[in-house]
Amino acid sequence: MAETGKEGNVKEIETMEESTETYARIMAAHKPNPLGPGYIKLYMLSAVIFLCSTMNGFDSSLMGSINALPNYAEYFDLPEHGNASTGIVFAIFQIGQMCGALFIWMTDWYGRTWHIFFGCLGVCIGTIITSLATSLPMFIAGRFLLSFFATCAHTAAPLYLVEMAPPKYRGTIAGMYNTFYNVGSVFATSAVYACHKYLANHGNLDWRLPLWLQMVCPGLVCLVVKFYPESPRWLVSKDRHDEAKAIIASYHTNGDADHPLVALQMREMLATVDPEHQASWKDLVDLRVLVESRSSRYRLMLNIAFSWFGQFSGNNIVSYYLPIMLTGIGITSTNTKLVLNIVYAVVGWVSSIIGSRLHDVVGRRKMLLTTTAGMTICLAIVAACAAGYTEYGNKTASTVSIVFIFMFGAIFACGFTPMQPIYPAEVVSNKMRAKAMGTFKLTAGAAGFLNTALESVIRRQAGVLQLLFPGSNLDDLAKKDRSELIQLLSQDSSPTGGILEPEPPCLASSPAVSNSNQLGDSNDGPESDREDPEEDRHWDEPEIGIAARIWVSVPIVEASKLWSEVQQADNCTFVLNPLGSAMASAPDSLREMRYIDFYFEHIHAITPFLHEASFRAAFASRDQQTPAWLGLINMVLAVGSIASGSENAHIYYYNQSRSFLDLDSLASGNLEALQALCLLGGYYLHYRNSPNMAYAILGAAQRLAIALGLHRESPVRTDHQTPEMAQRYAIKIEIRRRTWWSLYCLDTWASMTLGRPTCGRWDSSTMNTSLPEPLDPSDYLATSLRCSAEFCHIGNRVQHCFAQSTQISIRVAQALDHDLQEWYESLDPVLKDTMSAPPRITVAREFLRNRYHNCRLILSRCFLLYMAYENSKTRHGHHQRPRESEEGKMAHLCRSIAAEAIDAIALHWVPNRIQVWNAAWYLFQACMVPLLCIAMATSSSSSSEMAVDSESDVMFWYSSLNKALEVFADMKPWMRASDHAPNIIQVLVQAVSQRSTTFDTPSSTGGGSHLFGFPDELLTEMDWSLFPSGEDMFQIQYPLT
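In the numbering used here, the protein residues as written are 1 to 1041.
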């Protein structure tokens, strides 16, 4: 048998050499006109088949581009830098490709054109599913179907072209097929760029519309492919010789059936085709034709090697993860990434067109060897330059890295893109061609899956190792045992790196005035920065403690005195995990870029006092090293890390910032130091439950701002030499305005519930800074800050009224409430529309709405407290004021506002750490109103007089509280461990609901109350003496309301 196979190989080689020599002689004497009518029809036919490649190129760049769109990532809850789901979305295409490759044998059964038709039809169906997907599993399923049928079409199409094209032009025609891969790539990236630019603010249209466009190419092919002639080689295999001869004559010799080339090609096909074999489903598992001889096995090996190497050449990583790679070297703008994607695709297309002709001129082997060497050099330079940028911040290295990324793409396109459909088809014999192409696609799919899916996993694992063991070599870590690794993790942190191990939060002895600053005792700063011990503390109350002092009224206090006695330990004892509950390592550039992205996405729109482009450029260059700049950077990173959901990374950046923001920064202050103080006092210290320290910091920041002259409008200059200088000056002036008004807003927002004087925060006779102005028509951030400043003008007046020792009059309260309503009604539509607002404005809009409701609540709730006080006196024989009085109307307004605030937060809250922190705080305050109303109604019903509220009112208040508790439960994953507002509300709801029946301690759940995280047996009697009671309420209600 071996001898027979050897003789068959020798005979086959001799036949090929004879056919080649004959073909050369015929072409020298009777060369057909390549511009004749038959060739023109062939070119037009090929152009439509090229759309199968365009379809494939469209998909590859489509997902790479869509992956950079914030709306797409937000809709499917995908992180910016990718995760396992991102890898699956990309890798499922390779899985579908492998499955589709198993059915390439069907091209030998019912023909090449039918396989192309069914493949394109299936792509249209898969496109419909992905475009309508409402969940990630549905999207992935659509991607699988799309890739399965795309492989059917994409495998049969080059096979069809190779068999239809004349031998002399086969390399150029079939090679051009794959160059249209880049046409699809350009089409996809351009479509995504245009949709993102013009439709980013219209929901999900910016990424769904490009998905629908994926139907264009396969749809056109479906319409016409069945009107095309079948492959002559397939017709010969089906014993349809006359049809095959007519097709060769029509397309190879311009209709001359007697041309010697027709006879030569017919003879060659008849010699290689086995007409007795009829393809069937059994061929799916019958692969003997691929290994039946040494020649077949060698051809199969070349086929597999070419397919595998083509996937592991680095092109998949560059094309799929180009947006992430660009982020890694400092390019963060979405528009810039999309433009570079387009340029990358155009460069690849031009290079592949050149390469498709060079392969016929230079030769296959020389082209492949040369381009492989060039790609190796390019990837090495890219890796070195990327390391230079990420490790040392070298911008030149970043630029060089981008250049060689594009050079790599051009070289790959020139050498490999044209050859991918030609070489696998040319290197195998006719009878093994279909199965060999299936093997080629199966191998490519497997390699591509490993390349895209596993690369994502490996990259994330490497990131975790770098996070846990910064600066450690993987080989060194592999040699250590578990105890050594834990010891390495447990090492003390240092200013330059290491692991931070903050102390877990310890509950205070009082839930009302709790020492809830879990960071206070972690020795992460000087004594003045830490919360004082409870017995020495006089005025640094946590925010919820202040609210509880104000809001818990006499009926609730009296009900609580009847609770059963419980036990509480004097000291909190914790077992510290050697790994820490959460850890923050020394920073790396990628993680810091992520924190900056979160800052600008979730914080910047509220107080936009930074110029984003300038800040990002300065951060990327790392040229500035002044203390003020470093303090600002670290505060941005601290607040951004909180917004990202990181538990403890902010501690590292806070410590770094504090080392730069000392008293000297006040003595030689500048705008950057002021902006850092705004973030410190306006956001960060409130997050750490240090409102009074924040109050002092913002006071110092205001003095610094006045010293810098920000309270006065800067003069207008017209002597600029260039428009660029004028633009820079305009930006500088606008940033000064925004910094002043941001500070004004932060100070007002933080002080409205403290009952303290405004201290001249705004004086129109001495301060004339203009309100923010947009830098361009799409600058909605200026609109947001302008509206916030106008709101704070009203809030400033509200704070001034409550800082006085006299009771606020109803007329003044109603006038201020009217001003607030007029302000809200006059808001720009972009700050009221919940459907089409830009994503960043959504953050500012929700903050504004919550503060609007809270300010109205502050104005009206004092009258509800007056009613509560009078209600307590009624039970002791005093006369009760009629509900129809003006005070009663204001109390009723307070109830309506509280219900509206709860409904708004329940409807519009967003799952993000910063926004949940804000929404939960205002939700807590709003819940105190129905709690007090229920307590008042319960007390009235137990007195000798009739109940002052109907049962329907009480049920409505309970409904609002239940809704709030449901929202708190949904918010829990994004809340801090020290946030006990839900527990407080739940306990108080149970207290007032048991008022009329029993006064046993109610349980929060069926298994126990777990008040503030403690089991029943550890509870003690709550220190209610901290709350106002009896006549003391009258003494404190006015200044603290």
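Even for Gly, the Cβ is constructed at its ideal location relative to N, Cα and C.
Host alpha helix (DSSP H) of residue i (start-end)
i, result
"A730", "P723 to S751"
"H252", "H241 to H252"
"C894", "E886 to H908"
"M138", "L136 to M164"
"P772", "Unbroken run through P772: none, as it is neither H nor E."
"Q624", "Taken as a continuous stretch (DSSP letters only), Q624 belongs to no alpha helix (DSSP H), as it is neither H nor E."
"F76", "Premise fails: F76 is in no alpha helix (DSSP H) and is neither H nor E."
"I985", "A981 to S993"
"A977", "Per DSSP, A977 belongs to no alpha helix (DSSP H) and is neither H nor E."
"S53", "P37 to I66"
"S826", "Counting along the chain, S826 falls outside any alpha helix (DSSP H), and DSSP gives it neither H nor E."
For residue j and residue i, the rounded distance between their alpha carbons
i, j, result
"R761", "W740", "11 Å"
"Q799", "S805", "12 Å"
"D817", "W823", "10 Å"
"L632", "L663", "15 Å"
"F309", "I353", "21 Å"
"A512", "Y683", "For A512, the pLDDT reaches just 33, beneath the cut-off of 50, and the residue's location in the model is therefore unreliable, leaving the point undetermined."
"G956", "F660", "Checking the sequence, you will find Phe at residue 956 rather than Gly. Cα to Cα, F956 sits roughly 53 Å from F660."
"A397", "C385", "5 Å"
"C99", "E74", "31 Å"
"I173", "L159", "12 Å"
"F440", "T179", "18 Å"
"R170", "L42", "12 Å"
"A188", "L671", "44 Å"
"A612", "A750", "In the sequence as presented, Ala is not what sits at residue 612; that position holds Glu. Cα-Cα distance, rounded: 25 Å."
Expected contact under 8 Å - CB spacing of residue i and residue j to nearest Å
i, j, result
"V192", "I381", "At roughly 29 Å, the Cβ-Cβ gap does not stay under 8 Å, so V192 and I381 are not in contact."
"A150", "D206", "24 Å between Cβ atoms; not a contact."
"A789", "L775", "That pair is no contact at about 17 Å."
"A919", "A981", "Between A981 and A919 the Cβ distance is about 11 Å, and since that is not below 8 Å, they are no contact."
"G142", "T54", "20 Å between Cβ atoms; not a contact."
"N854", "Q925", "6 Å"
Burial state of residue i (16 or more Cβ within 10 Å)
i, result
"K435", "buried"
"D1032", "Confidence at D1032 is low in this model, with a pLDDT of 43, below 50, so the placement of that residue should be treated as unreliable; the coordinate-derived value is given next. By the 10 Å Cβ count, D1032 comes out exposed."
"F227", "exposed"
"T938", "buried"
"M164", "buried"
"C759", "exposed"
"H377", "Going by the sequence as given, residue 377 is Ile instead of His. Exposed."
"E846", "buried"
"Q420", "buried"
"S860", "buried"
"Y198", "exposed"
"Y39", "buried"
"S896", "exposed"
"V954", "buried"
"V224", "exposed"
"H202", "exposed"
"M375", "buried"
"K31", "exposed"
"S564", "Below a pLDDT of 50, predicted positions are generally treated as unreliable, and S564, at 35, falls in that range; the measurement from the model is reported next regardless. With fewer than 16 other Cβ atoms within 10 Å, it is exposed."
Local conformation of residue i per DSSP, three classes
i, result
"E647", "coil"
"F117", "helix"
"Q487", "helix"
"Y228", "coil"
"T607", "coil"
"D662", "coil"
"L754", "coil"
"T938", "helix"
"S764", "coil"
"G111", "coil"
"A837", "coil"
Cβ-heavy atom distance, residue i to the ligand ZN, below 7 Å
i, result
"G709", "As far as ligands go, the structure on display features none, and thus does not contain the ligand ZN."
is_contact[residue i, chain C] using C-beta, thresh 8 Å
i, result
"M437", "The structure shown has no chain C; it contains just one protein chain."
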